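Numbering (this note's numbering), first residue to last: -1 to 555.
Backbone N, C-alpha and C fix where the C-beta goes; we use that ideal spot for every residue, glycine too.
All values derive from a computational prediction rather than experimental measurement.
First the structure, in the form of structure tokens, and then the observations on it.
Encoded structure:
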């Protein structure tokens, strides 16, 4: 591909972000592979609990936060430049990318040196090295610079194109960045003014206050991953099938609902936390159900798009359109569609997590691990993997090697994730704990040994099934990374003429959906209402700081 001079800076940033995301996927995936073996009785285990929790911390931080964030940066820069055919603010982009990479490396040093064994949630009063919290702050500032560059470019394009609607892929990118910029300031407050003083000066921290602001960020993080995946489902998937999304209006309506309802939902992670009034938890439960609505809209819209494409390909009868689609032939289509199926399954278990009473049965069990992996590991990561089959050639000008092997990547990933998800969901229903070094650890002190052995015996086959699934999708991930790195450096030349790339359907006249400032304002009002009430309760009651505790191989959360 002949890179236009006007996009050289943007493409350089996108390439760095993309390659770094794959490095993080490799590193986090390696430790995740070791985790799933360690938790399955009869499988090889890591040598010590300390090493287990260090690996679990790195696995969570590298994959749940960083791998997705860096891939999204690359995708956002590519979409904005190609779809809008506009330059972005180069200094902001470069500074943001450098800060994010440096912060990530600093965090990795803190974790691998054993100074931050606190999992990706890093709940106080668990103590970590100041390096870890400084690294988090640097990463956040870097992402804010990148977010500012994205928002500024879209705003400038709107000024240059009055009366035109924002193209659909760009709309999805804006929604993604807006969610991140709305959700991360409270996390920055918790890190800089609570966790860092705790680390530097052993200052006590009120755990409930901290958890309130962490989960202000923690669940919107899910939609920061999901919205780019949905953007790909609405734009790339139809293009691969030679059609357009069934309803562009419904797609934008879904993005609007994600924008206004995805941040004020964090209290459903705190159902078991005392000190927060149940009414406020119910409010966040209702908002969590509201944010499920755009997912249902997306499911209908995507399935309708697939049916339209199947009919165009000659599909007859009630279900003939399904078999007319290029299953097993096109790795991009297969990967994205498998990802949608995995996310659909995860959505049903997510409704259980958000239910005020039912949540108590699965809270902090292996069920949550199964749900989490089917969302970010299945629906999101597999979408990003499939998109890489297009994005890598377009950015690096090199096509994939051994292209016949590409179809094996989404197949292995889908089958492995499905098996893993079944195993861990069932193990969770049997109350197998999450986060523990071995599956038996939480119950070994039970005075009724026979009861303990019976309980653990129920978990064993399901955790072993999960390990089998983990091995299968780890093979798919290893194959993907091998083919991708070889292709980036040694792949055959790939050329695409032209600076602009039409990703979304042809833009039309602007509508209410294109009043982006108003929509962000509505989101802010809902956030203030949903979080001011529990915050007032916590601060008026008075804080109860707890002394810091340095974990020594014990479960960090």
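Inset, instruction - Taking 8 Å as the cut-off, decide whether the C-beta atoms of residue 85 and residue 4 are in contact. - result: In the chain shown, residue 85 corresponds to position 87, counting from 1. In the chain shown, residue 4 corresponds to position 6, counting from 1. Residue 85 places its beta carbon less than 8 Å from that of residue 4.
Inset, instruction - Determine the extent of the alpha helix (DSSP H) in which residue 269 is found, giving its start and end residues. - result: Your numbering for residue 269 matches position 271 in the chain shown. Neither: residue 269 is in no alpha helix (DSSP H) and is coded neither H nor E.
Inset, instruction - Enumerate in chain order the residues of its own chain whose CB-to-CB distance from residue 544 is below 8 Å, with the five nearest sequence positions on each side excluded. - result: Taking the chain shown and counting its residues from 1, one reaches residue 544 at position 546. Excluding sequence neighbours, residue 544 sits near 122, 123, 202, 203, 204 and 205.
Legend entry - CA nearest to the CA of residue 207, picked from 268, 151 and 222: Taking the chain shown and counting its residues from 1, the one referred to as residue 207 is at position 209. Checked all of 268, 151 and 222; the closest Cα to residue 207 is 268.
Inset, instruction - Give the secondary structure of residue 203 by DSSP, where H, G and I count as helix, E and B as strand, and everything else as coil. - result: Walking along the chain shown from the start, residue 203 turns up at place 205. Three-state result, residue 203: strand.
Inset, instruction - Count the other C-beta atoms from every protein chain shown that fall within 10 angstroms of the C-beta of residue 196, then say buried if there are 16 or more, exposed otherwise. - result: Indexing the chain shown from 1 puts residue 196 at position 198. Buried: at least 16 other Cβ atoms inside 10 Å.
Inset, instruction - Report yes or no: do three or more beta-carbon pairs, one from the stretch 149 to 169 and one from the stretch 103 to 119, lie closer than 8 Å? - result: Verdict: no, contact absent.
Legend entry - Per-residue DSSP class, three states only, for residue 396: Taking the chain shown and counting its residues from 1, one reaches residue 396 at position 398. Of the three classes helix, strand and coil, the one that applies to residue 396 here is strand, per DSSP.
Inset, instruction - Return yes when the Cβ of residue 243 is within less than 8 Å of the Cβ of residue 303, no when it is not. - result: Along the chain shown, read from residue 1 onward, the residue named residue 303 stands at position 305. Along the chain shown, read from residue 1 onward, the residue named residue 243 stands at position 245. Contact: yes.
Inset, instruction - Along the alpha helix (DSSP H) that carries residue 86, what are the first and last residues, could you check? - result: Residue numbering aside, residue 86 sits at position 88 when the chain shown is read from its first letter. Annotation: residue 86 is outside any alpha helix (DSSP H) and is labelled neither H nor E by DSSP.
Inset, instruction - Below 8 Å on the Cβ atoms is my guess for residue 614 versus residue 211; work out the distance and round it to an integer in Å. - result: Given that the chain is displayed from residue -1 to residue 555, the structure contains no residue 614 and the question cannot be resolved.
Legend entry - DSSP state of residue 121 mapped onto helix, strand, coil: Counting from 1 along the chain shown, the entry for residue 121 is found at position 123. Three-state DSSP puts residue 121 in coil, outside helix and strand.
Legend entry - Secondary structure of residue 38, DSSP reduced to three states: As a working note, residue 38 is residue 40 in the chain shown. Note: residue 38 maps to coil in three-state DSSP.
Legend entry - Sheet register partners of residue 491 (DSSP bridge): Indexing the chain shown from 1 puts residue 491 at position 493. Paired residue(s): 396.
Legend entry - Close-in-space but distant-in-sequence residues of the same chain around residue 16 (CB under 6 Å, 5 per side omitted): The sequence position of residue 16 within the chain shown is 18, counting from 1. Cβ within range, chain order: 72.
Inset, instruction - Report all residues from its chain with a CB closer than 7 Å to the CB of residue 12; omit the five preceding and five following residues, and keep chain order. - result: Position 14 of the chain shown, counting from 1, holds the residue named residue 12. For residue 12, the CB contacts under 7 Å within the same chain, skipping 5 residues up- and downstream, are 72, 75, 76 and 393 in chain order.
Inset, instruction - Give me the Cβ distance between residue 412 and residue 336, rounded to the nearest whole Å; I'm assuming they're in contact under 8 Å. - result: Within the chain shown, numbered from 1, the residue matching residue 412 stands at position 414. Within the chain shown, numbered from 1, the residue matching residue 336 stands at position 338. Indeed they touch by this definition, with Cβ atoms about 4 Å apart.
Inset, instruction - Could you say if the stretch 315 to 324 and the stretch 341 to 353 meet the contact criterion of at least three C-beta pairs nearer than 8 Å? - result: Contact between the stretch 315 to 324 and the stretch 341 to 353 is absent, with fewer than three C-beta pairs closer than 8 Å.
Inset, instruction - Flag this pair as yes or no: are the beta carbons of residue 222 and residue 283 separated by less than 8 Å? - result: For the purposes of this step, residue 222 is taken as residue 224 along the chain shown, with counting starting at 1. For the purposes of this step, residue 283 is taken as residue 285 along the chain shown, with counting starting at 1. Not in contact: residue 222 and residue 283 (Cβ atoms no closer than 8 Å).
Legend entry - residue 236 (DSSP reduced to helix, strand or coil): Within the chain shown, numbered from 1, the residue matching residue 236 stands at position 238. Residue 236 falls in the helix class under three-state DSSP.
Legend entry - Residue span of the alpha helix (DSSP H) that contains residue 501, given as start and end: Stepping through the chain shown from its first residue, residue 501 is reached at position 503. Taken as a continuous stretch (DSSP letters only), residue 501 belongs to no alpha helix (DSSP H), as it is neither H nor E.
Legend entry - Buried/exposed call for residue 400, threshold 16 Cβ in 10 Å: On the chain shown, residue 400 is found 402 positions in, with the first residue counted as 1. Burial call: exposed.
Inset, instruction - With a 10 Å radius around its C-beta and 16 neighbouring C-beta atoms as the bar for buried, classify residue 87 as buried or exposed. - result: What you label residue 87 is simply residue 89 of the chain shown in a count that begins at 1. Its Cβ being crowded by 16 or more others within 10 Å, residue 87 is buried.
Legend entry - Separation of residue 478 from residue 462, as counted between CA atoms: If you number the chain shown from 1, residue 462 lands on position 464. If you number the chain shown from 1, residue 478 lands on position 480. C-alpha separation (whole angstroms): 25 Å.
Legend entry - Separation of residue 363 from residue 434, as counted between CA atoms: Taking the first residue of the chain shown as position 1, residue 434 is located at position 436. Taking the first residue of the chain shown as position 1, residue 363 is located at position 365. Cα to Cα, residue 434 sits roughly 10 Å from residue 363.
Legend entry - Check whether residue 56 and residue 94 have beta carbons under 8 Å apart: Along the chain shown, one-based indexing puts residue 56 at 58. Along the chain shown, one-based indexing puts residue 94 at 96. Pairing residue 56 with residue 94 gives a Cβ-Cβ distance that is not under 8 Å.
Legend entry - Same chain, Cβ closer than 6 Å to residue 334, five either side skipped, listed in chain order: Translated into the one-based positions of the chain shown, residue 334 becomes position 336. Answer for residue 334: 235, 381 and 384, listed in chain order.
Legend entry - Reference residue 331, options 241, 476 and 29, closest by Cα: Locating residue 331 in the chain shown gives position 333, where the first residue counts as 1. Per the Cα distances, 241.
Inset, instruction - Determine the direct distance from the alpha carbon of residue 67 to that of residue 152, and round the result to whole angstroms. - result: One-based indexing of the chain shown puts residue 152 at position 154. One-based indexing of the chain shown puts residue 67 at position 69. Counting only the Cα atoms, residue 67 lies some 20 Å from residue 152.
Inset, instruction - Starting from residue 431, follow its DSSP beta bridges and name the residues at the other end. - result: Looking up residue 431 in the chain shown gives position 433. Listed as beta-bridge partners of residue 431 by DSSP are 363.
Legend entry - Pair within 8 Å by beta-carbon distance, residue 70 and residue 97: Counted from its first residue, the chain shown places residue 70 at position 72. Counted from its first residue, the chain shown places residue 97 at position 99. Taking 8 Å as the Cβ cut-off, residue 70 and residue 97 do not qualify as a contacting pair.
Inset, instruction - For residue 358, I'd like the list of residues in its chain whose CB is within less than 8 Å of its CB, leaving aside the five on either flank, ordered along the chain. - result: Indexing the chain shown from 1 puts residue 358 at position 360. Within the same chain, residue 358 has close Cβ partners 269 and 270.
Inset, instruction - Starting from the C-beta of residue 172, find all residues in its chain whose C-beta is less than 6 Å away, skip the five residues before and the five after it, and write them out in chain order. - result: Position 174 of the chain shown, counted from the start, is the residue given in the question as residue 172. Hits under 6 Å: 152.
Inset, instruction - Can you tell me which of the three DSSP states residue 544 falls into? - result: Position 546 of the chain shown, counted from the first residue, corresponds to residue 544. When secondary structure is reduced to three states using DSSP, residue 544 falls in the strand class.
Legend entry - Anticipated Cβ contact below 8 Å, residue 418 with residue 368, distance rounded: Numbered from 1 along the chain shown, position 420 holds the residue referred to as residue 418. Numbered from 1 along the chain shown, position 370 holds the residue referred to as residue 368. About 7 Å separates the two Cβ atoms, so the contact holds.
Inset, instruction - Please report the residue range of the alpha helix (DSSP H) in which residue 516 lies. - result: As a first step, residue 516 must be located in the chain shown, where it is residue number 518. Where residue 516 is concerned, the enclosing alpha helix (DSSP H) starts and stops at 514 to 539.
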